[in-house]
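Chemist: In this note's numbering, the protein residues as written are 780 to 908. Backbone N, C-alpha and C define an ideal beta-carbon position, used for all residues, glycine too. Remember, predicted model here, so these are calculated numbers, not experimental data.
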């Protein structure tokens with residue numbers, strides 16, 4: 780079952796098993812020529828309560844979702860909406876511009892763009908005789 784993360788081992792470390800008071804948002808990861816883009820699905824969550832941080836080449840997305848649950852389940856056939864805290868972490872490659880990370884929210888999605896660092900080519904030095 781853990782082989783589904785094989786294509787992106789550098790982003791996905793050991794996944795934490797969900798605890799009773801937490802949930803795990805789905806996150807798509809794709810790479811462009813100039814950046815890594817993470818799109819987190821967080822429907823019904825105010826972007827102001829989501830924290831996005833980068834520390835020591837680890838991107839963290841965390842926050843909480845609160846819904847009002849009835850005191851009694853009387854009259855409900857199903858109570859499936861979940862509330863609680865969440866946190867996702869992704870190990871980033873060394874060659875990123877962590878100071879230029881940008882995040883934006885749109886219709887229940889948070890898109891985080893992590894620019895790649897410019898890779899400098901070796902410069903040939905002429906030897907004077």
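#1: For residue 844, does the count of other Cβ atoms within 10 angstroms reach 16, so buried, or fall short, so exposed?
#2: Tell me whether residue 831 sits in a helix, a strand or coil according to DSSP, three-state version.
#3: When DSSP labels each residue in this structure, what does residue 854 get in the three-state scheme?
#4: Who are the near neighbours of residue 812 in its chain, counting only those whose CB is closer than 6 Å to its CB and skipping five residues on each side?
#5: Going straight from the alpha carbon of residue 898 to that of residue 879, what length do you get?
#6: Taking contact to mean 3 or more Cβ pairs, one atom from each stretch, closer than 8 Å, check whether the region 847-862 and the region 827-835 are in contact.
#7: At what residues does the beta strand (DSSP E) containing residue 838 begin and finish?
#8: For the beta strand (DSSP E) containing residue 863, list its first residue and its last residue.
#9: Decide yes or no for the touch test of the region 815-829 against the region 866-885: beta carbon pairs closer than 8 Å, at least 3 of them.
#10: With DSSP collapsed to three states, give me the class of residue 877.
#11: Could you check the C-alpha separation between residue 907 and residue 900 for me, to the nearest Å?
Modeler: Inspection of the coordinates gives the following:
#1: Buried, since its Cβ has 16 or more Cβ neighbours within 10 Å.
#2: strand
#3: coil
#4: none
#5: 16 Å
#6: no
#7: 837-844
#8: Residues 863-870.
#9: yes
#10: helix
#11: 22 Å
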